[in-house]
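S.K.:
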Amino acid sequence: MKKKIFFGLLLMVVTVGCQAQEEEFTKAKETMVRTQIEARGIKDKRVLKVIRTVPRHKFVLPAYQRMAYSDRPLPIGYGQTISQPYIVALMTESLKLKGDEKVLEIGTGSGYQAAILAELAKEVYTIEIIPGLTKRAEKTLKKLGYKNIKVKCGDGYLGWPKYASFDAIIVTCAPDHIPQPLIDQLAEGGRMVIPIADTYPQRLTLIQKKKGKIVQEIITGCMFVPMTGEEIKKH
Ligand code: SAH
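If you use this note's numbering, the sequence shown closes out at 236, no skipped numbers anywhere.
1) Closest to I52 by C-alpha separation, out of P63, E102 and E120, would be which residue?
2) CB V152 to CB T173, shorter than 8 Å?
3) Please specify which runs of the beta strand (DSSP E), each continuous and at least 3 residues long, are wholly inside the stretch 141–184, giving them in chain order.
4) Y126 by DSSP, collapsed to three states: which one?
5) Apply the 10 Å Cβ neighbour rule to F7 and answer buried if 16 or more other Cβ atoms are within range, or exposed otherwise.
6) Name the DSSP beta bridge partners of P63, please?
7) By how many angstroms is the C-alpha of G80 removed from the C-alpha of I220?
8) Could you check whether the Cβ of I77 sits closer than 7 Å to any heavy atom belonging to the ligand SAH?
9) Note the first and the last residue of the continuous beta strand (DSSP E) segment covering I52.
10) Which same chain residues, not among the five before or five after G213, have their C-beta less than 8 Å away from its C-beta?
11) Kindly indicate the opening and closing residues of the alpha helix (DSSP H) around M33.
12) Is G108 near the ligand SAH, going by C-beta to nearest heavy atom under 7 Å?
13) Roughly how far, in whole angstroms, is the beta-carbon of I215 from the beta-carbon of L96, given that I think they are within contact range, below 8 Å?
14) Below 7 Å, is the gap between the Cβ of G160 and the nearest heavy atom of the ligand SAH?
15) Can you look up I38 in the DSSP assignment and give me helix, strand or coil?
16) Can you grab the Cα-Cα spacing for the pair K123 / D101, in whole Å?
17) Spatial neighbours of N1 within its chain, please: CB distance less than 7 Å, with the 5 preceding and 5 following residues excluded, ordered by chain position.
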């Protein structure tokens, strides 16, 4: 009987502790949206709402959870990073998603950006080259209940022809040129946001396909991890 009471109390303490921690994360998330994202000019209401919803702390390594809402990228293992919150917001806003799009992401990493996209579009296809990260992201996204995200391990340079074309493409690793397969798989009227690493800093670039022609616009300077894999080396 005494044992039962002890474990009952222990469970209560742990539950209250977890609730308090979740409240801390909610507060930190709100401060992040106000001071890092709204303050820097992100206005799209849907984007702001989703960033307030998705629990970024569930996508980072336990050792970095307390820093999940700080103004910086964070390590996710395998020498890779989850992007800075403002960059996630800026790239997402650039895609101008309305809700019925098919989106391709290259560089799943933690799965955080994919979750943000899944809340704003109809279907998300995301490719990660590192098997360990692919598995972890799949697990995180499943645990959080996302059903409209397909994750695959492979070289994103080639896109995902089986599901092309895509209304929006987001590349979260930096190639030194725009992969032709991604241009080919972008739908007419579609938007692609991609960091290009042929300069320092890299150029975060918006690409639009208008009447079959490619129109490019530089959004800002940026620093992403490089695109790796065999395909990028061949071109
Ligand atoms: N969007 C991620 C951040 C990704 S960091 C997030 O929200 O957490 C960039 C990722 O791109 C890394 O995980 C890296 O392994 C991956 N990457 C690099 N080259 C790639 C390639 N050719 N194809 C697919 N993924 C690639």
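We put the CB at the ideal spot given by N, CA and C, even for glycine.
Please read these numbers as outputs of a predicted model, since none were measured by experiment.
M.R.: Short version:
1) Ranked by Cα distance from I52, the options P63, E102 and E120 are led by E120.
2) Contact flag unset, no.
3) If we require 3 residues or more, the beta strand (DSSP E) runs fully inside the stretch 141–184 come out as 150–154 and 167–172.
4) Looking at Y126 - three-state DSSP - the assignment turns out to be strand.
5) With a 10 Å radius around the Cβ and a threshold of 16 neighbouring Cβ atoms, F7 comes out exposed.
6) None, per the DSSP bridge assignment.
7) So the two alpha carbons sit approximately 26 Å from each other.
8) Result yes, Cβ under 7 Å from the ligand SAH.
9) It is not in any beta strand (DSSP E) - I52 instead sits in the alpha helix (DSSP H) that spans K46 to T54.
10) If the five residues before and after G213 are omitted, its C-beta is found closer than 8 Å to the C-beta atoms of E189, all from its own chain and listed in chain order.
11) It spans K3 to M33 - the alpha helix (DSSP H) in which M33 sits, taken as one unbroken run.
12) Look at G108: its beta carbon is less than 7 Å from one of the heavy atoms in the ligand SAH.
13) Under the criterion of beta carbons closer than 8 Å, I215 and L96 do not qualify as touching, at roughly 16 Å.
14) Checking every heavy atom of the ligand SAH against the Cβ of G160, none is found closer than 7 Å.
15) Correct three-state label for I38: helix.
16) Taking the straight line from one Cα to the other gives about 5 Å.
17) It is not possible to answer for residue 1, since the shown part of the chain is limited to 2 through 236.
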